[in-house]
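This is the structure in structure tokens:
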């Protein structure tokens with residue numbers, strides 16, 4: 044078995060050792076070398092051509108973001124950012140996701156930290172996904188640069204006749220738009236939300252799987268570049284039209300009586316916030332006047348929510364396999380049999396606007 048070759052980059056010798064030990068403990072991956080700064084990382088990435096680089100965000104000389112941009116020029120090496128929970132670190136991490144990073148994890152806080160095992164599991168899972176998504180990542184990039192290509196053949200072709208009929212006759216008024224995503228989601232959500240007009244006429248509620256402390260930077264970057272107002276949701280605030288609410292990391296986001304409720308109940312599918320929690324609670328409030336969309340991501344979060352919204356007469360869109368960096372959540376949604384349309388990510392904003400205004 045060919046092992047996944049990983050380059051570990053961190054300015055801390057202790058952290059390089061910790062991350063290396065996590066990776067080398069897995070039978071299907073190995074650390075081929077380590078680097079102590081961004082400049083060293085760029086040179087070793089060029090010479091070793093690893094499958095995956097784990098890259099510290101904050102380093103002297105050449106920082107993680109600068110190193111990422113250079114490494115992504117080499118070839119389709121996938122990069123997972125390792126970020127400490129600081130204000131500048133979270134902002135830089137979000138910027139890295141838009142600059143080509145596959146994903147990120149929050150760095151463990153120390154050798155006796157209770158989150159070490161959780162970080163290890165998350166890191167190794169994302170290394171595997173990063174390695175296996177290399178070809179898909181290249182394909183997605185190529186699709187988005189082929190401006191002459193108007194349509195792509197995707198697994199939408201296997202939609203049932205019943206679903207196609209639903210799609211063609213949908214006339215129910217839409218009162219809310221719900222979006223759910225995980226790995227690969229920030230760039231997709233950015234592209235979609237920044238295309239929405241300032242007078243969309245409905246609220247947009249978003250769950251993007253992210254740790255606590257990073258969703259604020261995510262919301263701020265979206266708000267800066269969007270026509271709609273984008274905020275990290277707060278407990279108890281009244282939901283307003285033409286506003287995008289980002290579920291804060293560490294909390295489930297629910298809808299009750301037209302207000303945001305932040306919930307600390309246990310994680311589901313290993314995540315909090317969870318897409319299912321939002322979709323089900325929003326469906327209970329908005330009933331059949333709900334439009335939801337599931338995007339790229341690991342796991343099956345959102346599938347139960349999709350079934351619930353469809354049972355109420357709502358409308359469901361999922362991202363197609365070809366443009367999903369990780370075809371996990373959209374696949375789980377599709378397999379419920381409750382998806383009305385499967386679209387490439389670059390067509391979903393237009394479809395949502397059309398349905399809302401129909």
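Residue numbers (the numbering used here): 44 to 401.
The beta-carbon is built from N, C-alpha and C at its ideal position, and this holds for glycine as well.
Helix, strand or coil at residue i [DSSP, three-state]
i	result
residue 76	strand
residue 324	helix
residue 114	helix
residue 13	There is simply no residue 13 to check, as the chain begins at 44 and stops at 401 in what is shown.
residue 379	coil
residue 282	coil
residue 53	coil
residue 129	coil
residue 99	strand
residue 299	strand
residue 341	coil
residue 215	coil
residue 201	Here residue 201 scores only 44 on pLDDT, less than 50, and its place in the model should not be relied on; the value that follows carries that caveat. In this structure, residue 201 counts as helix in the three-state DSSP scheme.
residue 294	coil
residue 230	helix
residue 369	coil
residue 48	strand
residue 120	coil
Range of the contiguous beta strand (DSSP E) that encloses residue i
i	result
residue 384	384-386
residue 71	Here residue 71 belongs to no beta strand (DSSP E), and DSSP marks it neither H nor E.
residue 87	First-last for residue 87: 81-91, but that is the alpha helix (DSSP H), not the beta strand (DSSP E).
residue 287	286-289
residue 145	First-last for residue 145: undefined, no H or E at that position.
residue 305	302-306
residue 247	247-251
Extent of the continuous alpha helix (DSSP H) run through residue i
i	result
residue 258	258-268
residue 354	346-354
Bridge-paired residues (DSSP) for residue i
i	result
residue 167	According to DSSP, which records beta bridges pairwise, residue 167 is partnered with nothing at all.
residue 237	Answer by DSSP bridge pairing: none, since residue 237 is not bridged.
residue 362	386
residue 336	222, 360
residue 275	289
residue 329	For residue 329, which the question treats as bridged, DSSP gives no partner whatsoever.
residue 255	In DSSP, residue 255 forms no bridge with anything.
residue 318	In DSSP, residue 318 forms no bridge with anything.
Cβ pair residue i, residue j closer than 8 Å
i	j	result
residue 302	residue 244	no
residue 5	residue 105	What the structure shows of the chain is the stretch from 44 to 401, and residue 5 is not part of that stretch, so it cannot be assessed.
residue 337	residue 362	yes
residue 50	residue 78	yes
residue 359	residue 381	yes
residue 292	residue 339	no
residue 93	residue 54	no
residue 215	residue 332	yes
residue 262	residue 280	no
residue 48	residue 73	yes
residue 2	residue 341	The displayed coordinates of the chain run from 44 to 401. Any statement about residue 2 would go beyond what the structure contains.
residue 346	residue 248	no
residue 220	residue 388	no
residue 174	residue 95	yes
residue 144	residue 120	no
residue 233	residue 265	yes
Minimum Cβ-Cβ distance from residue i to chain D less than 8 Å
i	result
residue 270	In the displayed structure, chain D is absent; only one protein chain is listed.
Proximity test, residue i beta-carbon vs the ligand FMN heavy atom, cut-off 7 Å
i	result
residue 276	The model on display carries no ligand, and the ligand FMN is accordingly not part of it.
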